[in-house]
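A quick write-up on the structure given underneath.
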Amino acid sequence: MSTFFVILIGQILVNNYVMCQFYGICPFLGVSKKVDTATGMGLAVTFVITVASFVTWLLQQLLNMAGLQYLQTIVFILVIAVLVQVVETALKKLSPSLYQALGVYLPLITTNCVVLAVAQKNIDVGYGLLESTLCGCCSALGFTLALVLLAGIRERMEESEMPAWMQGFPGALIMSGLMAIAFMGFGGLI
Amino acid sequence: MAKKATVGKTFFNGLVTENPTFTLMLGMCPTLGVTTAAWNGIYMGLATTFVLVCSNLFISLLRKIIPDKVRIPCYIIVIASFVTMVDLFMQAFMPDMRAILGSYIPLIVVNCIIFARAESFAAKNGPHLALADGLGMGLGFTISITCLAAIREIIGSGKFFGMEILPGYEPMAIMTKVPGGFITLGIMMILVNAAKKAITRRRAARKEAAA
């Protein structure tokens, strides 16, 4: 039980993929203009990463059996691309409203490096199936947390008077830096 | 871009005008993740350049064969093959650097620079232009991340390319950590934007003087 708790706290706060390890920066800066879209993106990513962690763990066992470990990158990225496509098609049929809301962000999940990074971390650390899935889910929740927090801050920044040279990406980057300092406070928690 | 794109112009476009880091804002993860020391920046940049050049060339050669509907999976396979080659090469010949760059090497697969150039340039242009574009973009990326890395290395550990240059300097460790990366890139971006504005203003002034 304690292992699960360590994964939970570790992946969401202490080793947050965005704020402490520099993964998934592109969507983090690109989709963080509005809280609504940030939340939607975060949830879609959470779903994809959770399923991807499950599937890639199973596939890695197959690769190990066949002695084809060097194909890991190719196999994983293909699985992730297919999975994103499946999620997109399924959402289109099952929940058109959610599909409309997420729209453009769905295909972008393929190039979110958190997905691949988590899948590889699970294999490197040697997690079991259940731990891998949980680790994937928690990492994605950590990503969502950082994304929504930054989106909230950027919404406020839009309303306040910023010097022209700080508007847009420079401001967002410096704000992320300050957030990262705050997240450093969680270091050593586990 | 102008209608008649030449090789030189395409190369320069990738290197400066549309620099992937400062203008297109692509490939942010390795840009921030590995730039704690200048050598890391150079190796990461060269590895990305190799993948970018090769994938651009192949995708450009195959652009008439690949059906439009399945182009994304095709691109992924081409890119992932080259990334695996780089990864295995580094594991065999420079294991120390591979250990430092860690999972960022396999993650070149999802570097959006490579996807973006495949989709928006290589799929529409001939192989010689695609090659020039890959080389220009790749070197532009290498130069910008090496600059970022050098700044962070000097302030964060008092070294320049691994050499001690500031004896008796108390290193500011936070610069080699995550917040330092974000803030340095933010400040560099402000400076680059200011420089760009100054250049356009001067050009406009010169045009006015000529007229």
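Chains as they are written, first to last, in the working numbering: chain A, 1 to 190; chain B, 1001 to 1211. Don't be surprised by glycine CBs; every beta carbon is placed ideally from N, CA and C. As the structure is a prediction and not an experimental result, all values here were calculated from the model.
- By the C-beta density criterion, S2/A is exposed, having fewer than 16 other C-beta atoms within 10 angstroms.
- Three or more beta-carbon pairs separated by less than 8 Å are not found between the region 31 to 41 of chain A and the region 58 to 73 of chain A, which leaves the two stretches without contact.
- Restricting attention to G10/A, M65/A and M162/A, the CA atom closest to the CA of G187/A is found in G10/A.
- DSSP places T133/A in the uninterrupted alpha helix (DSSP H) bounded by L129 to E159.
- Here the region 113 to 122 of chain A makes contact with the region 71 to 81 of chain A; the two share three or more CB pairs at distances below 8 Å.
- As computed with DSSP, E1164/B is found in a beta bridge with K1159/B.
- Distance from V1178/B to F22/A at the Cβ level is roughly 6 Å; contact confirmed, criterion being Cβ atoms closer than 8 Å.
- N16/A is positioned such that its CB atom lies closer than 8 Å to that of F183/A.
- Not flagged as an interface residue toward chain B: W57/A, since no C-beta distance is shorter than 8 Å.
- Within the region 6 to 23 of chain A, the residues whose Cβ lies closer than 8 Å to some Cβ of chain B are M19, C20, Q21, F22 and Y23, listed in chain order.
- Our two residues, V48/A and I1165/B, have alpha carbons roughly 47 Å apart in a direct line.
- Taking a cut-off of 8 Å for Cβ pairs, the region 1015 to 1034 of chain B and the region 1130 to 1146 of chain B touch, as three or more such pairs fall below it.
- Counted as a single uninterrupted DSSP element, the alpha helix (DSSP H) harbouring K121/A occupies residues C113 to V125.
- Listed along chain A are F22 and I25, each with a C-beta nearer than 8 Å to that of L1032/B.
- Chain-order list of chain B residues neighbouring G177/A: V1178, P1179, G1180, G1181, F1182, I1183, T1184, L1185 and G1186, by C-beta distance under 9 Å.
- When C-alpha distances from I1059/B are compared across I1155/B, H1128/B and A1038/B, the shortest belongs to H1128/B.
- DSSP, read as helix, strand or coil, puts A1211/B in coil.
- The alpha-carbon separation between V45/A and C137/A amounts to approximately 9 Å.
- Distance from the Cα of C1054/B is smallest, within the candidate group K1159/B, G1134/B and T1031/B, for G1134/B.
- Between F1160/B and E1170/B, the gap from beta carbon to beta carbon reaches 8 Å or more.
- The beta carbons of N1125/B and T1048/B sit no closer together than 8 Å.
- Of the candidates V125/A, F143/A and Q85/A, the residue whose Cα lies closest to the Cα of L108/A is Q85/A.
- Residue environment for L178/A: exposed (fewer than 16 other C-beta atoms within 10 angstroms of its C-beta).
- Straight across, the Cα-Cα distance linking V51/A with C113/A is about 15 Å.
- Contact check for G1041/B against L1148/B passes: the beta carbons are separated by less than 8 Å.
- Excluding the 5 residues flanking it on each side, L189/A has same chain C-beta neighbours closer than 7 Å at I9, L13 and V14, in chain order.
- Nearest Cα to V18/A within the set M162/A, E159/A, V115/A and P170/A: V115/A.
- For L106/A, not one C-beta of chain B is nearer than 8 Å to its own C-beta.
- DSSP places M1090/B in the helix class (H, G or I) of the three-state scheme.
- When only Cα atoms are considered, I7/A and C135/A end up about 6 Å apart.
- For R1117/B, the uninterrupted alpha helix (DSSP H) segment begins and ends at C1112 to R1117.
- A164/A counts as exposed, since fewer than 16 other C-beta atoms from the protein chains shown sit within 10 angstroms of its C-beta.
- Looking at the backbone, the Cα of L147/A and that of M175/A are separated by about 12 Å.
- Here the alpha carbon of D1096/B sits roughly 45 Å from the alpha carbon of L91/A.
- Interface flag for P96/A against chain B is unset, since no Cβ pair is found closer than 8 Å.
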